[in-house]
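Scroll down for the structure; my scribbles are underneath it.
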Amino acid sequence: MGGVSGISIAQGLPLMTIKTEPFVLNFGPAHPSTHGVFRMKVTLDGEVIIDLEPVFGYLHRGVEKLAEERTYTGIIPLTDRLDYLVSMSNNLAYVLTVEKLAGISVPERAEYIRVIMAELQRIVSHLIAVGTFLNDCGAFMTPVLYMLREREKILDLFEMTCGQRLTYNYMRPGGVSQDIPDEFLPALIKFVKQMPGFIDEYDRLLEKNEILLARTRGVGILNRELAINISASGPALRASGVKWDIRKADPYSIYDRFDFDIPTGTAGDCYDRYRVRVQEMRQSLRIIRQAMEQIPAGEVRSNVPQLIRPPQGEAYAHIESPRGDLGFYLVSDGSIAPYRCRIRPPSLLNLTALRDMIIGWKVADAIIIFGSIDICMGEVDR
Numbered sequence: 099m100g101g102v103s104g105i106s107i108a109q110g111l112p113l114m115t116i117k118t119e120p121f122v123l124n125f126g127p128a129h130p131s132t133h134g135v136f137r138m139k140v141t142l143d144g145e146v147i148i149d150l151e152p153v154f155g156y157l158h159r160g161v162e163k164l165a166e167e168r169t170y171t172g173i174i175p176l177t178d179r180l181d182y183l184v185s186m187s188n189n190l191a192y193v194l195t196v197e198k199l200a201g202i203s204v205p206e207r208a209e210y211i212r213v214i215m216a217e218l219q220r221i222v223s224h225l226i227a228v229g230t231f232l233n234d235c236g237a238f239m240t241p242v243l244y245m246l247r248e249r250e251k252i253l254d255l256f257e258m259t260c261g262q263r264l265t266y267n268y269m270r271p272g273g274v275s276q277d278i279p280d281e282f283l284p285a286l287i288k289f290v291k292q293m294p295g296f297i298d299e300y301d302r303l304l305e306k307n308e309i310l311l312a313r314t315r316g317v318g319i320l321n322r323e324l325a326i327n328i329s330a331s332g333p334a335l336r337a338s339g340v341k342w343d344i345r346k347a348d349p350y351s352i353y354d355r356f357d358f359d360i361p362t363g364t365a366g367d368c369y370d371r372y373r374v375r376v377q378e379m380r381q382s383l384r385i386i387r388q389a390m391e392q393i394p395a396g397e398v399r400s401n402v403p404q405l406i407r408p409p410q411g412e413a414y415a416h417i418e419s420p421r422g423d424l425g426f427y428l429v430s431d432g433s434i435a436p437y438r439c440r441i442r443p444p445s446l447l448n449l450t451a452l453r454d455m456i457i458g459w460k461v462a463d464a465i466i467i468f469g470s471i472d473i474c475m476g477e478v479d480r
């Protein structure tokens with residue numbers, strides 16, 4: 099790329115000219131810090147990244163086409179596997195679209211259960227996002243083990259409700275598959291009381307940690323204008339100072355009944371993205387508390403036929419998933435399977451800024467910047 103020359107002060111001799119040239123290096127797809135199935139093709143000048151090409155498609159499973167051959171209820175397990183860390187949220191976005199398409203109503207109790215599950219899932223997702231991000235920063239194992247500790251408690255709640263700990267298949271058009279068991283609310287009350295103390299513990303450990311600040315402040319900036327232009331969403335957008343959350347901007351389910359704030363950042367750097375997720379966990383706990391206080395008795399599912407045949411037409415519904423704006427678009431031809439299924443994945447759109455965020459930084463920073471976006475390749479490749 100260029101050369102460096104000068105005079106040695108000690109000997110008064112000219113320094114040798116150092117010539118460098120760019121070279122290409124692949125990170126992934128078989129790499130733990132690229133989620134195992136993502137490839138970053140970077141061009142380096144020494145350790146400085148001067149270009150980056152993201153390469154997708156290693157996990158492509160054709161979910162949208164598979165959905166067009168299944169019944170509307172039979173598609174739900176596919177949504178679990180789009181983003182296998184937020185399966186409850188995927189279930190919710192999909193069934194909202196089916197309900198809109200088929201004109202299906204949802205009992206009040208089921209609406210509250212859905213909100214509780216979705217917010218618990220948000221906390222689970224952010225615990226993994228923050229824990230693995232700190233691992234990428236070099237805080238090896240300790241923070242992520244702390245956060246896995248609390249995640250397990252939420253997975254216990256999911257397991258007692260639907261029998262699963264990762265892919266839940268719990269939401270249904272018209273409600274949920276079954277009511278929460280008697281032991282669920284007491285266990286949830288205990289968790290909601292304990293969790294703020296654990297978040298405080300994370301803050302004492304990390305918020306002003308000088309190494310974390312040095313590695314993340316001012317690093318990987320996604321400015322407000324670019325974030326809006328690429329249709330970024332979720333914490334990646336809000337960390338750039340954009341106060342946009344689908345739960346407030348286009349309320350769905352019963353979110354308009356709850357009082358909560360939308361945390362935002364100012365710089366749009368890695369540190370802000372980390373802090374926004376921590377603050378969102380606190381807001382999720384606020385929503386869960388209100389939902390527990392308001393939840394009524396009653397049915398948890400409307401009388402919906404086993405084989406749903408929506409009238410001809412189309413529908414789109416979206417939610418604020420832990421990663422951002424997750425939407426489903428369905429077209430019905432009147433049969434028991436959708437004529438067309440299209441998914442709007444927030445992780446894919448958030449990734450489009452990766453090149454702009456990484457160029458000019460070093461290899462060690464690239465892993466941190468990539469980790470701060472918080473993606474799941476299942477929904478990127480679909």
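Letter 326 of the sequence shown, counting from 1, is numbered 424 in the working numbering, and no numbers are missing.
Built from N, CA and C at the ideal position, the CB exists for glycine as well.
Beta-carbon contacts of S338 that lie in its chain and below 7 angstroms, excluding the five residues immediately before and after: Within its own chain, the residues whose Cβ lies closer than 7 angstroms to the Cβ of S338, once the five positions on either side in sequence are excluded, are L320, N321, R322, A325, G363, G366, listed in chain order.
Would you decide whether D178 is buried or exposed? Buried here means 16 or more other CB atoms lie within 10 Å of its CB. When all chains shown are included, D178 counts as buried.
Measure the beta-carbon distance from S400 to G273 and round it to whole angstroms, keeping in mind my assumption that it falls under 8 angstroms. Contact holds; Cβ gap of about 6 angstroms.
Residue burial classification, S103 (beta-carbon count within 10 angstroms, cutoff 16): Note that S103 has pLDDT 42, beneath the 50 cutoff, so the model's placement of it is unreliable and the number below is only indicative. Result: exposed.
Given 8 angstroms, three or more beta-carbon pairs between the stretch 310–317 and the stretch 172–187: The stretch 310–317 makes no contact with the stretch 172–187: fewer than 3 CB pairs, one atom from each, lie closer than 8 angstroms.
Could you check what DSSP says for I105 in three-state terms: helix, strand or coil? For I105, the pLDDT reaches just 43, beneath the cut-off of 50, and the residue's location in the model is therefore unreliable, leaving the point undetermined.
Return the first residue and the last residue of the beta strand (DSSP E) that L150 is part of. L150 -> beta strand (DSSP E) spans 146–153.
With C439 as the anchor, note down where its beta strand (DSSP E) starts and where it stops. Element bounds for C439: 438–442.
On the premise that I147 lies in contact with K460, defined as a C-beta separation below 8 angstroms, what is that separation, rounded to the nearest angstrom? With a Cβ gap of about 7 angstroms, K460 and I147 count as contacting.
Using DSSP's beta-bridge definition, name the partner residues of G411. S430.
Could you say if the stretch 326–336 and the stretch 352–359 meet the contact criterion of at least three C-beta pairs nearer than 8 angstroms? Touching, no.
Kindly give me the distance between the Cβ atoms of R440 and E162, rounded to whole angstroms, as I take these residues to be in contact under 8 angstroms. Indeed, because the Cβ distance is near 6 angstroms, the residues count as touching under 8 angstroms.
Just reading off the beta strand (DSSP E) that D254 is part of, what are its end residues? First-last for D254: 240–260, but that is the alpha helix (DSSP H), not the beta strand (DSSP E).
Hey, M475 and F136: beta-carbon distance below 9 angstroms or not? It is a contact, given that the beta carbons lie within the stated cut-off.
Rounded to whole angstroms, what's the CA-CA distance from M153 to T450? Just pull it up for me. According to the sequence provided, residue 153 is Val. The question's Met does not apply to it. Roughly 11 angstroms between the two C-alpha positions.
Between the C-alpha atoms of A108 and D143, what's the straight-line distance to the nearest angstrom? Bear in mind that the predicted position of A108 carries a pLDDT of just 47, short of 50, making it too unreliable to give a figure here.
Determine, using beta carbons only, whether I344 and H416 come nearer to each other than 9 angstroms. If you check the CB distance, I344 and H416 come in under 9 angstroms.
Using three-state DSSP, classify I352 as helix, strand or coil. DSSP places I352 in coil when its eight states are reduced to three.
Mind checking whether F238 and A464 have CB atoms under 9 angstroms apart? No, these two residues do not count as a Cβ contact at 9 angstroms.
Per-residue DSSP class, three states only, for S419: Strand.
Go through its chain and collect everything with a Cβ distance to R336's Cβ below 8 angstroms, but skip five positions before and after it. Counting only Cβ-Cβ distances below 8 angstroms, and skipping sequence neighbours, we find W342, D343, I360, P361, T362, G363, V374.
How is F136 classed by DSSP in three states: helix, strand or coil? Three-state DSSP puts F136 in coil, outside helix and strand.
Per DSSP, which residues does K460 bridge with? Please list them. K460 is bridged to V146.
Figure out for me which residue from P271, K251, F468, T118 has the closest Cα to the Cα of L194. Of the listed residues, the one whose Cα sits closest to L194 is P271.
Kindly confirm or deny that the stretch 406–426 and the stretch 285–292 touch, where touching means at least three C-beta pairs closer than 8 angstroms. No: fewer than three Cβ pairs fall under 8 angstroms.
Does the count of Cβ pairs from the stretch 217–227 and the stretch 427–435 closer than 8 angstroms reach three? Put simply, the stretch 217–227 does not touch the stretch 427–435. Fewer than three CB pairs are less than 8 angstroms apart.
Pop quiz: V398 and Q262 are said to be a contact at Cβ under 8 angstroms. What is the actual Cβ separation, rounded to whole angstroms? No, V398 and Q262 are not in contact; Cβ-Cβ is about 17 angstroms, not under 8 angstroms.
Terminal residues of the continuous beta strand (DSSP E) containing F125? For F125, the uninterrupted beta strand (DSSP E) segment begins and ends at 121–125.
Reference I466, options A389, N233, N327, closest by Cα: Cα-wise, what sits closest to I466 is N233.
So what does DSSP say about L303, is it helix, strand or coil? Judged by DSSP in its simplified three-state form, L303 adopts helix.
Whole-angstrom C-beta distance between P279 and T259, which should lie under 8 angstroms: Rounded to the nearest angstrom, the Cβ distance from T259 to P279 is 7 angstroms, consistent with a contact under 8 angstroms.
Helix, strand or coil for V204? Go by DSSP, reduced to three states. Three-state result, V204: coil.
For R399, write down the residues that DSSP places opposite it in a beta bridge. Beta bridge pairing from DSSP links R399 with G273.
Should E308 be labelled buried (16 or more other beta-carbon atoms within 10 Å of its own) or exposed? The residue in question, E308, is exposed, as its Cβ has fewer than 16 Cβ neighbours within 10 Å.
Between the CA atoms of P241 and E305 - distance to the nearest angstrom: If I take the Cα positions, the gap works out to 12 angstroms.
Given this structure, state the Cα-to-Cα distance separating E167 from D423, to the nearest angstrom. Straight through space, the alpha carbons of D423 and E167 are spaced by roughly 26 angstroms.
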